[in-house]
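In the numbering used here, the protein residues as written are 231 to 490.
The beta-carbon is built from N, C-alpha and C at its ideal position, and this holds for glycine as well.
First up is the structure itself, then whatever we jot down about it.
What follows is the structure, encoded as structure tokens:
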């Protein structure tokens with residue numbers, strides 16, 4: 231079996247199983263605690279991450295970059311990049327918009343990307359050429375007019391980032407687009423952009439585990455990803471703009487890259 235196919239199948243199985251752990255905990259308001267910079271963590275985060283790490287260590291024994299236990303963002307060699315619960319604030323308040331993210335990269339080049347939404351039982355994945363949800367092939371939207379776009383964004387937990395600048399971007403784009411959402415999961419925002427449900431997505435103050443899988447999904451669904459100023463995205467980036475190539479160029483001209 232091709233190595234990437236093997237790792238993709240593993241990531242899908244593991245994300246689905248981790249999703250079952252989250253479903254077991256989900257419902258109503260959860261006990262949570264502040265980690266740093268207003269970021270929250272729940273027992274479900276910890277249990278899901280411990281499970282994923284055990285599975286990776288058992289199957290591959292490779293380096294892991296993860297939100298809770300292995301947050302050092304030094305990326306080199308073969309490395310798994312995981313977010314055991316993306317959308318913790320939503321989860322902790324009983325809001326059904328969260329996911330499990332598993333990516334695999336070699337020297338920062340993402341090879342595997344899987345995003346699993348447990349409540350709808352939807353698994354977004356890529357074979358490196360095309361992207362899928364289940365067995366259905368995905369394509370980014372073909373919308374080319376900004377005033378027809380339905381878009382997504384988010385705001386950083388770390389108030390050291392210039393939140394007001396993204397508020398300015400939010401207002402600027404909200405006055406032009408058809409609709410805008412701040413739903414609280416970068417992983418699902420990127421997955422839905424790959425599926426053509428969002429026409430484009432932008433956010434800053436992100437980490438590799440937020441973006442790696444979804445960025446690959448968007449590209450393999452025929453989309454374009456990059457920085458706000460149009461420069462190439464890489465796994466060390468702390469922000470992302472994603473959509474089809476026409477809308478990407480138009481949106482890039484609207485966004486301010488304040489070089490945080």
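- For residue 295, the pairing in a beta bridge is given by DSSP as 311.
- For residue 341, the enclosing beta strand (DSSP E) starts and ends at 339 to 347.
- Put simply, the backbone Cα of residue 289 is about 33 angstroms away from that of residue 434.
- For the pair residue 248 and residue 330, the CB atoms are nearer than the 7 angstroms cut-off.
- Rounded to the nearest whole angstrom, the C-alpha separation of residue 308 and residue 377 is 42 angstroms.
- Measuring C-alpha to C-alpha distances from residue 365 to each of 371, 372, 246 and 356 identifies 356 as the nearest.
- Linking residue 458 to residue 470 through their CA atoms gives a straight-line distance of about 7 angstroms.
- The way I'd put it, the stretch 316 to 323 doesn't touch the stretch 333 to 342; fewer than three beta-carbon pairs between them come closer than 8 angstroms.
- Close CB contacts of residue 466 within its chain, under the 8 angstroms cut and outside five residues either way in sequence, are with 303, 305, 338 and 438 (chain order).
- Taking 7 angstroms as the cut-off, the beta carbon of residue 443 is found no closer than this to the beta carbon of residue 370.
- Per DSSP, residue 371 has no beta bridge partner at all.
- Here residue 361 is bridged, per DSSP, to 356.
- Residue nearest to residue 273 within the set 287, 284, 256 and 285 is 256 (criterion: CA-CA distance).
- Less than 7 angstroms separates the beta-carbon of residue 384 from that of residue 412.
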